[in-house]
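Engineer: This is the structure, below, for whatever I ask next.
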Amino acid sequence: MGFTAEQLDELNALLRFDLDTSQQGLKIHSNADAQVIAATTRLHARGLITQRDGGYLTPLGRDAAEQAQLLLSIFSTQPAHAQPA
């Protein structure tokens, strides 16, 4: 089982948050891409962000965003030892 398109949209939305500060949130405008709006609405429903249109990360949301950043970092690095397929 892999990530669904909706889950990938949610992960990408979490990656938009600046984890260096808790004083900066996001505002998703009504003219944003429909997938972005839907993803932030779902993140709010899951309790990961404070507002349907962005806001701030909740403690759970911060944990999820940190894990999303870590996962992206792992997948963005070149493997030390490439294994033949």
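Counting in the numbering used here, the sequence shown runs from 14 upward without gaps.
Glycine residues also receive a C-beta, built at the ideal position from the N, C-alpha and C atoms.
For the alpha helix (DSSP H) containing residue 74, list its first residue and its last residue.
Structural biologist: Start at 1 with the first residue of the sequence shown, and residue 74 comes out as number 61. 72 to 89 is the extent of the alpha helix (DSSP H) around residue 74.
Engineer: Verify whether the separation of the beta carbon atoms of residue 77 and residue 27 is less than 8 Å.
Structural biologist: As a working note, residue 77 is residue 64 in the sequence shown. As a working note, residue 27 is residue 14 in the sequence shown. Yes, the pair counts as a contact, with Cβ atoms nearer than the cut-off.
Engineer: Quick one: grab the DSSP three-state call for residue 50.
Structural biologist: Locating residue 50 in the sequence shown gives position 37, where the first residue counts as 1. The answer is helix: DSSP assigns residue 50 an H, G or I state.
Engineer: From which residue to which residue does the beta strand (DSSP E) around residue 20 run?
Structural biologist: Position 7 of the sequence shown, counting from 1, holds the residue named residue 20. That residue, residue 20, is in no beta strand (DSSP E); its alpha helix (DSSP H) goes 18 to 27.
Engineer: Would residue 61 pass as a contact of residue 74 if the rule is Cβ separation under 8 Å?
Structural biologist: Counting from 1 along the sequence shown, the entry for residue 61 is found at position 48. Counting from 1 along the sequence shown, the entry for residue 74 is found at position 61. Cβ distance < 8 Å, so residue 61 and residue 74 count as in contact.
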